[in-house]
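Using mature numbering (1 follows the signal peptide of the UniProt record, and there is no 0), the letters of the sequence shown correspond one by one to residues -16 to -1, 1 to 212. Structure first, then comments.
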Amino acid sequence: MMVVFLLVLLPTYAAGSCKLPPAPEGTRWNQTTPASDDSEISLVCKDRSKVLLGGESIYCDSGEWRMKKLGYCEDISNIGKVVQLLEDDQIVVRYDNLNVVAATKKQLKVTGFMAQQAVYKMKGYKGPVAKDDAVYELKEDWLYKDGTPVRQCHGNTLMVLDDYTVDLSLPKKYPRKGFRYFPIIVEGILYVDGLAVARKVESPRTKRLEGTFTIGDGKIYRKGKVVG
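This is the structure:
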């Protein structure tokens, strides 16, 4: 009887798999079949002229996802400049000193950038390459600038809000306390780099403004144009 009992239990210990969750808008997963246990899947931009900012992968563990804050896709021109083309369809992007606010019907995410650089895979890039006196190299996944290893930054998620919407009519500004500081909420208003960008919504049925906005140089931009 003991042998029969063990045989019945054995299937419950079989390795699990994870069903693919919905991918964020503008992205897709790098596979279409369920992920096997102890494996990772990654996001890919549907528009190959864009780069993925923020988290790009999630991990399947015992049939359940270890969720991370996933990223989103953005035009390079809205975050910085391509400064060098490398081998294997890789480009070096030098970021502008700005924050990016990505707004959907359900969520608002603030991603921070510094005047740093990162390498992205982009097949057949034909866009402009900005002049940069530095020489970049990629060795064993490490980026070198003039022979010195430098930190890569693919965007730092600073804040994720479920009950805020972008409002470009907000007139208030929050006094600076330094050259740069983190996003802050004061009396229901979200300030990003000193500018009022979003407000708290009182009802889940409130219509929300969607889109991607960049904040820098005391202005709010959308698709390269000043909107606030």
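We treat Cβ as the ideally placed atom computed from N, Cα and C, and that holds for glycine.
{"Check": "In or out: residue 201 buried (at least 16 other Cβ within 10 Å) or exposed?", "Outcome": "exposed"}
{"Check": "Would residue 114 and residue 65 be called neighbours here (beta carbons separated by less than 7 Å)?", "Outcome": "yes"}
{"Check": "Between which two residues does the beta strand (DSSP E) holding residue 168 run?", "Outcome": "168 to 170"}
{"Check": "From the DSSP output, in three-state form, read off residue 173 for me.", "Outcome": "strand"}
{"Check": "Grab the span of the beta strand (DSSP E) containing residue 143 for me, first residue to last.", "Outcome": "140 to 145"}
{"Check": "Taking only the alpha-carbon atoms, compute the straight-line gap between residue 108 and residue 15 and give it to the nearest angstrom.", "Outcome": "22 Å"}
{"Check": "Starting from residue 95 and walking both ways along the beta strand (DSSP E), at which residues does that stretch end?", "Outcome": "92 to 96"}
{"Check": "Report the three-state DSSP secondary structure of residue 75 (helix, strand or coil).", "Outcome": "strand"}
{"Check": "Please state the DSSP three-state secondary structure of residue 63.", "Outcome": "coil"}
{"Check": "Return the chain-ordered list of same chain residues with a C-beta closer than 7 Å to the C-beta of residue 195, the five sequence neighbours on each side being excluded.", "Outcome": "87 and 206"}
{"Check": "Within this structure, are the beta carbons of residue 76 and residue 67 separated by less than 7 Å?", "Outcome": "yes"}
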